[in-house]
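S.K.:
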Amino acid sequence: MKNFFAFLSKYHKEFLAVILQALCLSFFFIHNSFQRSVLISSSNQVVGEVYTQKASLTKYFNLIEQVDQLAAENAILRSKNRDAFYFAVRKNYRVGDTTSLQQYQYSTARAINATTNLQFNFLTLNRGSYQGIEKDMGVLSPDGLVGVVVNVSGNYSTVLPIINTNFTASVEVKRTKNFGLLKWDGVDPRYAKIEDIANHARIVKGDTIVSRASSKIYPTGVMVGIVEKIEQPEGSNYLDLKIRLAVDYTKITTVYVVNNLMKQEQMKLEQETAQTIETK
Amino acid sequence: MIGDVIRIVLRFVFLVLLQVVVMNNINLASGLLVPFIYPLFILMLPLRTPGWLVLVLSLVLGLSIDSFDNTMGLHASACVAMGYFRGVILKMISPREGYDFTQKPTIQSMGTNWFMSYAVTLVLIHHVWIFNLENFQFDFFFRTQIRVLLSAAMTLGLVYLSQYMLYQVRERRR
Chain A
858 MKNFFAFLSK YHKEFLAVIL QALCLSFFFI HNSFQRSVLI SSSNQVVGEV YTQKASLTKY
918 FNLIEQVDQL AAENAILRSK NRDAFYFAVR KNYRVGDTTS LQQYQYSTAR AINATTNLQF
978 NFLTLNRGSY QGIEKDMGVL SPDGLVGVVV NVSGNYSTVL PIINTNFTAS VEVKRTKNFG
1038 LLKWDGVDPR YAKIEDIANH ARIVKGDTIV SRASSKIYPT GVMVGIVEKI EQPEGSNYLD
1098 LKIRLAVDYT KITTVYVVNN LMKQEQMKLE QETAQTIETK
Chain B
573 MIGDVIRIVL RFVFLVLLQV VVMNNINLAS GLLVPFIYPL FILMLPLRTP GWLVLVLSLV
633 LGLSIDSFDN TMGLHASACV AMGYFRGVIL KMISPREGYD FTQKPTIQSM GTNWFMSYAV
693 TLVLIHHVWI FNLENFQFDF FFRTQIRVLL SAAMTLGLVY LSQYMLYQVR ERRR
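Heads up: the protein sequence lines correspond to chains A and B, in order. Plus 857 on top of the position in the first sequence (first one is 1) and you've got our numbering. Plus 572 on top of the position in the second sequence (first one is 1) and you've got our numbering.
As structure tokens, then:
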């Protein structure tokens, strides 16, 4: 204890200086917001770094939500797109209130399951009849055509994608308008085949393949793929095309389900026509 | 002794008023030249003043300036630092035979060399401390050091002048 007091009295000036300096600096930092903010921010730098790292991690969790949000907005916008309308009034008709009727309606869904390594691949969507999904609705992704809804439960639906050997759809070459039948040979999920393209069609490698409205499922002009190879089977009057699919099924997430509001009408008309011809 | 105390109190009031009324209005070279005269008070404290009293007086001086400048603690902090280093510097530059405690820390009493090394060191400590604490960031670092040097030069000029004005007048009056 004696030594302690001796120590104190020996260094009393230093102690006093430190105490007074601490007093001054605490006054200073309490009363001056700039220095305080610098002090606080630099002492919070470690905490901030942790928060930054945390945010950069958790932003990937929110990403799904954000993507859903954006996709929903896209669906609304697509529904308003000119291509989504059926022009009901011809030019020389008197223009009434409505010049166009909605033909295609888009809603979003998420592919929660997808197989790509089978012959009969399927996709499962997290939307079903409660959300207005019906059988035979088209399914698109931002990249292009995905498939068609084949089965619907309350909250889920299954999709027959292009990469299922049961899938067929009528497609056309965007540039020349020649159409053929899209099929999958069951080998490589990146490639598909188009059969029965007219022999005289001048198709080159790199031509774009788009969907046709004849299927009553998809709107016209949805991207399907790019021509990779053109071949003419021996003794055939038709061309076969090998195309690279626009959609990568191994990483498909957000899709749009397309509802053709005029499908019934078109189908009914076509059936009636067929009956009429049969009865004749 | 009583005369010393009165003289110190009067010097305190005079220097604080000179600082806040006159010097604080001087702002030359767009803020690069900020003269401080009040450190003269710490420089002029009698050599026999005990260390703790120097520190306390420094604190009071700094807080007085702060209360005028609304910079709570800035001047006080620099003054306390200066007050502490005053003891250190005095020990470092003491004459071989030690101080004669009737001596005053003035040019007249201690000589120009001694006084200038004493004043330059302490004024520089004060100015480095105050300008860097005020800036408190690495932006404008070099500008701050230029401020320190220019302002210290001006302060030292004033301190030097004071040696020939205030004190000689008083000596003569006696």
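Every residue gets a Cβ at the ideal spot worked out from N, C-alpha and C, and that includes glycine. It should be emphasised that the depicted structure is a prediction, and the values quoted were computed from it without experimental measurement.
1) Does the Cβ-Cβ distance between V1028 (chain A) and R1069 (chain A) come in under 8 Å?
2) Which of the three DSSP states is assigned to A966 (chain A) in this structure?
3) Tell me the rounded alpha-carbon separation between D1097 (chain A) and E1127 (chain A).
4) Could you check if I857 (chain A) is buried or exposed, using at least 16 other CB atoms within 10 Å of its CB as the buried criterion?
5) Excluding the five sequence neighbours on either side, which residues of its own chain have a C-beta within less than 7 Å of the C-beta of V657 (chain B), listed in chain order?
6) So that I know if they touch, is there some Cβ in chain B lying closer than 8 Å to that of F862 (chain A)?
7) For the alpha helix (DSSP H) containing V1079 (chain A), list its first residue and its last residue.
8) Please check if any C-beta of chain B sits within less than 8 Å of the C-beta of K870 (chain A).
9) To the nearest angstrom, report how far apart V731 (chain B) and L629 (chain B) are at their CA atoms.
10) Could you give the DSSP three-state label for R746 (chain B): helix, strand or coil?
11) In terms of residue numbering, what span does the beta strand (DSSP E) encompassing I1100 (chain A) cover?
12) State yes or no: is the beta carbon of A653 (chain B) nearer than 8 Å to at least one beta carbon in chain A?
13) Please list the partners that A874 (chain A) has in chain B, where partner means a Cβ-to-Cβ separation under 7 Å.
14) Please list the terminal residues of the continuous beta strand (DSSP E) segment that includes P1018 (chain A).
15) Would T1022 (chain A) and L1039 (chain A) be called neighbours here (beta carbons separated by less than 8 Å)?
16) Give the range of the alpha helix (DSSP H) segment to which G834 (chain B) is assigned.
17) Quick one: is N1035 (chain A) buried, meaning 16 or more other Cβ sit within 10 Å of its Cβ, or exposed?
18) Which residues in the same chain have their Cβ closer than 7 Å to the Cβ of T716 (chain B), if we skip the five residues on either side of it in sequence?
19) Mind checking who Q959 (chain A) pairs with in its DSSP beta bridge?
20) At the 8 Å Cβ level, is G575 (chain B) part of the contact set with chain A, yes or no?
21) Helix, strand or coil for Y610 (chain B) per DSSP?
22) Could you confirm whether any beta carbon from chain A is found closer than 8 Å to the beta carbon of L617 (chain B)?
23) With DSSP collapsed to three states, give me the class of S734 (chain B).
24) Cα separation between H699 (chain B) and Q926 (chain A)?
25) Leaving out the 5 sequence neighbours to the left and right, which residues in its chain are closer than 7 Å to A971 (chain A) when beta-carbon positions are compared?
26) So which of B:M595, B:G623, B:M737 and B:L605 has the shortest CA-CA distance to L877 (chain A)?
27) Using a 10 Å radius around the Cβ and a threshold of 16 neighbouring Cβ atoms, would you call L1002 (chain A) buried or exposed?
28) Taking E1029 (chain A) as part of the beta strand (DSSP E), name the residues at either end of that continuous run.
29) How many Å lie between L1102 (chain A) and D993 (chain A) at the Cα?
30) Out of A:Y1013, A:P1090 and A:W1041, state which residue places its alpha-carbon closest to the alpha-carbon of V1081 (chain A).
31) With distance defined between alpha-carbon atoms, name the residue in A:A879, A:I1019 and A:K1125 nearest to G1043 (chain A).
32) Would you call L958 (chain A) buried or exposed, if buried means 16 or more other Cβ atoms sit within 10 Å of its Cβ?
M.R.: Taking the coordinates as given:
1) Yes. Within cutoff.
2) Reduced to three states, the DSSP call for A966 (chain A) is strand.
3) Cα to Cα, the separation comes out at about 28 Å.
4) The structure shown has nothing for residue 857 (chain A), since chain A only spans 858 to 1137.
5) Here the sequence assigns Phe to residue 657 (chain B), which means Val is not the residue at that position. Once the five neighbours on either side are set aside, the close Cβ partners of F657 (chain B) are L694 and I697.
6) By this cut-off, F862 (chain A) is not an interface position.
7) Per DSSP, V1079 (chain A) belongs to no alpha helix (DSSP H) and is neither H nor E.
8) Closer than 8 Å to some Cβ of chain B, the Cβ of K870 (chain A) qualifies, so yes.
9) So the two alpha carbons sit approximately 19 Å from each other.
10) Legend: pLDDT at R746 (chain B) = 45, less than 50; position of this residue unreliable, value from coordinates given subsequently. The DSSP-derived three-state label of R746 (chain B) is coil.
11) Following the DSSP letters along the chain, one finds I1100 (chain A) inside the beta strand (DSSP E) bounded by residues Y1095 to L1102.
12) Chain A, which has a Cβ nearer than 8 Å to the Cβ of A653 (chain B), makes this yes.
13) Within chain B, the residues near A874 (chain A) are L627, V652 and Y656.
14) Note, P1018 (chain A): beta strand (DSSP E), S1014 to P1018.
15) Going by C-beta atoms, T1022 (chain A) is not nearer than 8 Å to L1039 (chain A).
16) The structure shown does not extend to residue 834 (chain B), since chain B spans only 573 to 746, so no value can be given for it.
17) Residue environment: N1035 (chain A) is assigned as buried (16 or more neighbouring CB atoms within 10 Å of its CB, all protein chains considered).
18) If we look at T716 (chain B) and ignore the five residues flanking it on each side, its Cβ neighbours are F703, N704 and N707.
19) Beta-bridge partners assigned by DSSP to Q959 (chain A): A:F942.
20) Cβ-Cβ to chain A under 8 Å: no for G575 (chain B).
21) Residue state, collapsed to three classes: coil.
22) For L617 (chain B), the answer is no, since every Cβ of chain A falls outside 8 Å of its Cβ.
23) In the structure shown, S734 (chain B) sits in a helix (DSSP, three-state: H, G or I).
24) Their backbone Cα atoms lie some 59 Å apart in a straight line.
25) Within the same chain, A971 (chain A) has close Cβ partners L980, Y1106 and I1109.
26) Taking L877 (chain A) as reference, the option from B:M595, B:G623, B:M737 and B:L605 with the minimal CA-CA separation is B:G623.
27) It counts as buried.
28) If you look at E1029 (chain A), you'll find it in the beta strand (DSSP E) that goes A1026 to V1030.
29) Here the C-alpha atom of L1102 (chain A) lies approximately 21 Å from the C-alpha atom of D993 (chain A).
30) With distances taken between Cα atoms, V1081 (chain A) lies closest to A:W1041.
31) Nearest neighbour of G1043 (chain A) by Cα position, chosen from A:A879, A:I1019 and A:K1125, turns out to be A:I1019.
32) Counting the other Cβ atoms within 10 Å of the Cβ of L958 (chain A) gives fewer than 16, which makes it exposed.
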